[in-house]
Amino acid sequence: MVLALRVGSVVGFLLLWEWAARVPISFNFPTPWATLTALVAQVRSGALPAATLISLQSLLLGFGAALAVGIPLGLVMGVVRAVGGVARVYLELLIALPTAALIPLVILSFGINIVSSAVIVFIFSVPFVAMNAYGGVRDVSPRLVEMARAFEASWPQLFVRIVLPGALPMILAGIRYGLSRAFVGLIIAELLLSPFGLGRLIMTSRSMFEHDRMFASVLWTLLLAGLALAALARAERRLLRWRA
Amino acid sequence: MSAPVAIAIEGVAKAFGPVQALVDVDVRVRAGEFLSLIGPSGCGKTTLLKIIAGLTRADRGRVTVGDRLVTGPGPECSVVFQDFALLPWGTVQNNVEFGLLLRGVAAAERATRAHEAIVKVGLTGFEHAYPAQLSGGMQQRVGLARALAVNPRVLLMDEPFASIDEQTRRVFQDDLLSLWSQERKTVLLVTHSMEEAIYLSDRVVVLSPRPGRVHQVLDVPLPRPRESAEVRATAQFARLVDDLWKVLRKLQ
């Protein structure tokens with residue numbers, strides 16, 4: 104049933120796309136078939152894989168840093184109330200702010216290179232990773248903490264045996280959400296920075312009026328993000344099997 | 191009356207902000223005794239249990255368990271919680287081993303002792319189930335097994351049957367009584383059920399509310415073993431429950 108709906112929605116979307124391209128909304132709007140052909144061609148020519156490799160570097164660098172900083176930060180925020188009270192203000196500001204507005208500042212500070220786009224990926228994803236870890240710790244059942252204390256749990260034991268596993272579901276959700284934000288940050292950064300990666304591919308195709316190619320790159324990026332998120336969701340289900 | 195004292199509560203007082211929860215509480219629980227704390231809500235019975243467990247500090251007075259002055263949780267006591275407090279991410283085996291794990295018992299011995307406790311509470315075959323897959327009664331059996339696995343001298347039970355349906359509760363109470371008669375542990379049970387207090391206990395301590403203090407102590411001279419005998423149907427049982435009700439009614 105769900106599968107049928109999913110397949111149906113994809114078919115429906117493609118039909119709508121085909122129709123929109125034929126109407127036509129604009130002569131520059133490619134049909135799904137043209138886009139798909141361009142996609143295959145660009146994968147074959149090596150243009151997409153090469154750009155992907157470059158983009159993945161910024162993504163891994165930026166998102167890796169976001170995990171390495173965000174998760175411990177969120178945990179400390181949850182455990183030490185004072186830190187949580189202060190840090191959450193900044194993180195909430197980062198979430199509420201149109202983060203793209205920070206990009207010129209980042210480029211000015213780091214120059215036009217991979218570090219810049221990694222920093223932007225980091226800024227896009229870290230607040231969500233940290234805030235979720237923070238929420239996860241705050242969600243830990245005080246009854247379980249009390250139970251462990253009754254068995255004379257030491258402080259490190261409480262943290263490892265109760266707080267971490269208790270916060271895990273929200274930490275994982277934060278990682279997944281953070282990754283989707285990381286992709287958004289990556290593409291925005293590359294569109295504005297332009298000299299490399301998938302963003303450049305999109306911009307070059309656009310400037311040369313190769314809209315089928317441009318759409319192909321967008322579609323490719325969507326596929327990448329979708330696959331990564333699906334893999335994470337799968338890992339999450341495995342780790343949280345107990346929530347039957 | 192010559193039995194050694196397992197828990198001595200002397201002049202304990204506790205306030206939460208402006209609310210005086212407990213005042214001048216003196217109770218002596220004998221070793222091997224089954225004692226119930228009962229009283230209207232707000233009488234501080236759970237607070238008293240937590241003070242004995244070392245989870246809450248008393249403002250005044252002192253509690254000794256065995257010969258240890260309670261300043262925090264200790265190895266003599268195990269607590270059975272009303273809402274079970276099981277690790278949702280752990281199997282029955284993991285949960286029963288949890289207290290042993292925290293106390294640094296080696297894996298092999300943990301497994302053996304957990305297995306013994308699981309057999310005692312009748313959960314054989316459910317070792318690999320998660321709490322979410324068990325009924326309330328079975329979850330509380332896990333809670334009891336976890337408490338027994340560390341082999342405490344004192345069991346502190348905080349309304350352990352409150353979230354369990356009536357039929358399951360009666361079977362569980364009988365099982366608890368046979369376990370208790372085999373293990374001779376000191377049991378302190380907090381309850382709001384008069385029948386439960388009379389059926390299980392040697393003595394029932396009635397606490398009065400706001401502030402909580404010991405109102406009266408009732409002896410329960412019902413013969414043992416009570417489980418599987420038709421104690422509940424006797425006139426003596428009914429009269430004891432009624433006596434307790436008369437005491438409690440005045441406190442409402």
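Protein chains in written order, with the numbering used here: chain A, 104 to 347; chain B, 191 to 442. Beta carbons are placed, not taken as given, at the ideal position from N, Cα and C, and that holds for glycine. Being a predicted model, the structure only gives us computed values, none of them experimental.
Run through DSSP, which three-state label would residue i get?
i        : result
B:Gln357 : helix
B:Arg247 : coil
B:Val269 : strand
B:Asp392 : coil
A:Leu211 : helix
B:Ser192 : A caution first: B:Ser192 carries a pLDDT of 47, below 50, which makes its placement in the model too unreliable to give a value.
B:Arg252 : strand
B:Phe316 : coil
B:Leu292 : helix
A:Glu255 : coil
B:Ser325 : coil
B:Leu239 : helix
A:Leu261 : helix
A:Arg246 : helix
B:Ser368 : helix
A:Arg346 : coil
B:Leu412 : coil
B:Ser231 : coil
B:Leu259 : strand
B:Ser398 : strand
B:Ser383 : coil
B:Ala275 : coil
B:Gly264 : coil
A:Ala204 : helix
B:Asn285 : helix
B:Phe427 : helix
Determine whether the beta carbon atoms of residue i and residue j lie at a separation below 8 Å.
i        : j        : result
A:Leu176 : A:Ala233 : yes
A:Phe227 : A:Ala285 : yes
B:Gly327 : B:Thr358 : yes
A:Val222 : A:Phe213 : yes
A:Leu326 : A:Ser220 : no
B:Ser371 : B:Pro415 : yes
B:Gly289 : A:Phe254 : yes
B:Leu346 : B:Val394 : no
A:Asp242 : A:Ala270 : yes
A:Gly165 : A:Val224 : yes
A:Leu200 : A:Val240 : no
B:Lys235 : B:Leu227 : yes
A:Ala332 : A:Ser158 : A quick correction: the sequence has Leu, not Ala, at residue 332 of chain A. Not a contact, by the Cβ cut-off of 8 Å.
B:Arg255 : B:Ile197 : The question names Arg, yet the displayed sequence has Val at residue 255 of chain B. Closer than 8 Å, so yes.
B:Ile388 : B:Val431 : yes
A:Gly167 : A:Val229 : no
A:Pro133 : A:Leu117 : no
B:Gly195 : B:Arg218 : Before going on, a small fix: residue 195 of chain B reads as Val here, not Gly. Taking 8 Å as the Cβ cut-off, B:Val195 and B:Arg218 qualify as a contacting pair.
A:Gln145 : A:Leu151 : yes
A:Asn216 : A:Tyr280 : no
B:Glu287 : B:Ala339 : yes
B:Asp348 : B:Phe271 : yes
A:Val182 : A:Val263 : no
What span of residues does the alpha helix (DSSP H) with residue i cover, start to end?
i        : result
B:Gln442 : B:Gln442 -> no alpha helix (DSSP H), and no H or E assigned at all.
A:Ser308 : 300 to 310
A:Met234 : 217 to 241
How far does the beta strand (DSSP E) with residue i in it extend, from its first residue to its last?
i        : result
B:Gly201 : 195 to 206
B:Asp216 : 209 to 220
B:Arg403 : 403 to 409
A:Ser129 : First-last for A:Ser129: undefined, no H or E at that position.
A:Asp315 : Taken as a continuous stretch (DSSP letters only), A:Asp315 belongs to no beta strand (DSSP E), being part of the alpha helix (DSSP H) at 314 to 342.
B:Leu346 : 344 to 348
B:Ser226 : 224 to 228
B:Val309 : No beta strand (DSSP E) contains B:Val309, which is instead part of the alpha helix (DSSP H) from 297 to 310.
A:Leu295 : That residue, A:Leu295, is in no beta strand (DSSP E); its alpha helix (DSSP H) goes 267 to 296.
B:Val377 : 376 to 380
Any chance the CB of residue i is under 7 Å from a heavy atom of the ligand FMN?
i        : result
A:Val224 : Among the ligands in the structure shown, none appear at all, so the ligand FMN cannot be discussed.
Cβ contact check for the segment 243 to 254 of chain B and the segment 204 to 215 of chain B: 3 or more pairs under 8 Å: yes
What are the uninterrupted segments assigned as beta strand (DSSP E) that are 3 or more residues long and contained completely in the segment 135 to 185 of chain A, given in chain order? none
Mind the definition here: the segment 245 to 253 of chain A touches the segment 186 to 195 of chain A only if three or more C-beta pairs lie below 8 Å; say whether that holds. no
Touching or not, the segment 400 to 412 of chain B and the segment 368 to 386 of chain B, by the rule of three or more beta carbon pairs under 8 Å? no
Mind the definition here: the segment 314 to 323 of chain A touches the segment 129 to 142 of chain A only if three or more C-beta pairs lie below 8 Å; say whether that holds. yes
Quick check: the segment 351 to 370 of chain B against the segment 314 to 332 of chain B, are there 3 or more CB pairs under 8 Å? yes
Is there contact here, the segment 386 to 393 of chain B with the segment 217 to 237 of chain B, by at least three beta-carbon pairs under 8 Å? yes
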